[in-house]
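**Q** Sharing a structure, written as structure tokens. Questions coming.
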């Protein structure tokens with residue numbers, strides 16, 4: 005949950021998705037369900053590069069609901085992220101922080117990080133053995149930007165297979181393999197090896213931890229008054245400029261786009 009502003013004089017805010025709009029929660033779940041169902045139907049491989057904290061757990065939570073309700077067919081799902089696996093016990097420990105739906109599931113005895121078909125692969129050899137499992141299959145692995153971690157060897161194994169779908173669920177920084185794949189690259193270099201991209205690439209923006217333009221604007225205007233000064237950071241040039249223009253149009257604030265070393269007096 006995002007904390008509301010009170011009466012700020014100045015605000016420094018991110019602009020990562022200042023030029024984009026995400027799907028709503030229902031739509032993002034439907035897109036995830038469709039990606040898994042299509043993978044099963046096509047006897048393919050679904051690769052989900054996911055950040056270890058929060059993103060992976062959100063996806064597991066939603067897959068648990070879909071599988072246990074019968075919305076998805078049986079399919080092996082591999083959680084192949086050592087850090088995400090280590091984090092799972094922390095989610096079990098702080099159940100008082102669950103939302104109402106999660107608390108109800110927990111009280112009913114449902115462990116939403118354990119469900120039929122889920123395989124947790126802690127060790128390296130277990131990760132390598134995934135290639136021996138006949139498709140269809142789903143692999144959730146870090147890193148989220150496809151710039152390291154176990155997802156890399158899965159990309160080498162499966163990117164050139166047209167039965168593969170890469171489901172992008174987080175922001176992809178410039179210069180990463182994930183960014184190149186998201187922008188339609190037909191060839192990427194992984195650990196010095198050139199890999200042809202024949203896989204489908206699908207993107208769900210609403211799983212990102214970064215708010216879209218609408219959410220950023222709602223937050224900015226959510227206090228008792230809008231701030232006098234706004235400074236935009238953590239965004240690429242186009243995203244910052246688009247958000248700047250929207251803030252100016254809506255609130256009459258000429259937001260600053262600071263560069264390194266620049267100083268301001270408030």
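Residue numbers (the numbering used here): 5 to 270.
Note that CB positions come from ideal geometry on N, CA and C, so glycine has one too.
1. Smallest Cα separation from residue 159: which of 200, 15, 72 and 31?
2. For the ligand SAM, I want to know if residue 143 counts as a neighbour, meaning its beta carbon is within less than 7 Å of at least one of the ligand's heavy atoms.
3. On the CB-based measure, 16 or more other CB atoms within 10 Å of its CB, does residue 71 come out buried or exposed?
4. Could you check the C-alpha separation between residue 259 and residue 32 for me, to the nearest Å?
5. What number of angstroms, rounded off, separates the C-alpha of residue 94 from the C-alpha of residue 239?
6. Which residues in the same chain as residue 177 place their Cβ atom closer than 7 Å to its Cβ, once the five residues preceding and following it in sequence are excluded?
7. Residues in its own chain within less than 6 Å of residue 44 by CB, not counting five upstream and five downstream?
8. Pick out the complete alpha helix (DSSP H) segments inside the stretch 58 to 117, 4 residues or longer, and give them in chain order.
9. Can at least three beta-carbon pairs, one atom from the stretch 208 to 215 and one from the stretch 20 to 39, be found at a separation below 8 Å?
10. Is residue 159 helix, strand or coil when you go by DSSP?
11. On the DSSP bridge list, what partners appear for residue 140?
12. Please work out which residues of its chain come closer than 6 Å, Cβ to Cβ, to residue 166, disregarding the five sequence neighbours upstream and downstream, and give them in chain order.
13. Assuming residue 100 and residue 135 are in contact, meaning their beta carbons sit under 8 Å apart, how far apart are those beta carbons, in whole angstroms?
14. Quick one: Cα of residue 232 to Cα of residue 213, how far?
15. Please work out which residues of its chain come closer than 8 Å, Cβ to Cβ, to residue 168, disregarding the five sequence neighbours upstream and downstream, and give them in chain order.
16. Measure the CB-CB distance between residue 247 and residue 23 and report whether it falls below 8 Å.
17. Please state if the CB of residue 64 and the CB of residue 117 are separated by a distance shorter than 8 Å.
18. Would you mind sorting residue 220 into buried or exposed? The rule is 16 or more other CB atoms within 10 Å of its CB.
19. What are the start and end residues of the alpha helix (DSSP H) that includes residue 131?
20. For residue 233, which residues does DSSP report across the bridge?
**A** Inspection of the coordinates gives the following:
1. For the purposes of this step, residue 159 is taken as residue 155 along the chain shown, with counting starting at 1. Measuring from the Cα of residue 159, the nearest candidate turns out to be 200.
2. This structure simply doesn't include the ligand SAM, nor any ligand for that matter.
3. Here residue 71 refers to the residue found at position 67 when the chain shown is read from its first residue. Buried, since its Cβ has 16 or more Cβ neighbours within 10 Å.
4. The residue labelled residue 259 in the question sits at position 255 within the chain shown. The residue labelled residue 32 in the question sits at position 28 within the chain shown. Answer to the nearest angstrom: the Cα atoms are 31 Å apart.
5. If you number the chain shown from 1, residue 94 lands on position 90. If you number the chain shown from 1, residue 239 lands on position 235. Looking at the two C-alpha atoms, the distance is approximately 31 Å.
6. Within the chain shown, the letter at position 173 stands for residue 177. Taken in chain order, the residues that qualify are 149 and 183.
7. As a working note, residue 44 is residue 40 in the chain shown. Cβ neighbours of residue 44 beyond the five flanking positions: 77, 79 and 140.
8. 59 to 72, 86 to 97 and 104 to 111
9. yes
10. Stepping through the chain shown from its first residue, residue 159 is reached at position 155. It is helical.
11. The count along the chain shown starts at 1 and reaches residue 140 at position 136. Answer is none; residue 140 lacks a bridge partner.
12. The residue you call residue 166 lines up with position 162 of the chain shown. Result list for residue 166: 202, in chain order.
13. For the purposes of this step, residue 100 is taken as the residue at position 96 of the chain shown. For the purposes of this step, residue 135 is taken as the residue at position 131 of the chain shown. Residue 100 to residue 135, Cβ: 41 Å. No contact.
14. Along the chain shown, one-based indexing puts residue 232 at 228. Along the chain shown, one-based indexing puts residue 213 at 209. So the alpha carbons of these two residues sit roughly 26 Å apart.
15. Reading the chain shown from its first residue, position 164 is the one you call residue 168. Answer for residue 168: 48, 49, 50, 51, 162, 202, 203 and 204, listed in chain order.
16. The count along the chain shown starts at 1 and reaches residue 247 at position 243. The count along the chain shown starts at 1 and reaches residue 23 at position 19. Going by C-beta atoms, residue 247 is nearer than 8 Å to residue 23.
17. Counting from one through the chain shown, the residue named residue 117 turns up at place 113. Counting from one through the chain shown, the residue named residue 64 turns up at place 60. Contact flag set, yes.
18. By one-based count along the chain shown, residue 220 stands at place 216. Under this definition residue 220 is a buried residue.
19. The sequence position of residue 131 within the chain shown is 127, counting from 1. It spans 128 to 132 - the alpha helix (DSSP H) in which residue 131 sits, taken as one unbroken run.
20. As a working mapping, residue 233 is identified with position 229 in the chain shown. Answer by DSSP bridge pairing, in chain order: 14.
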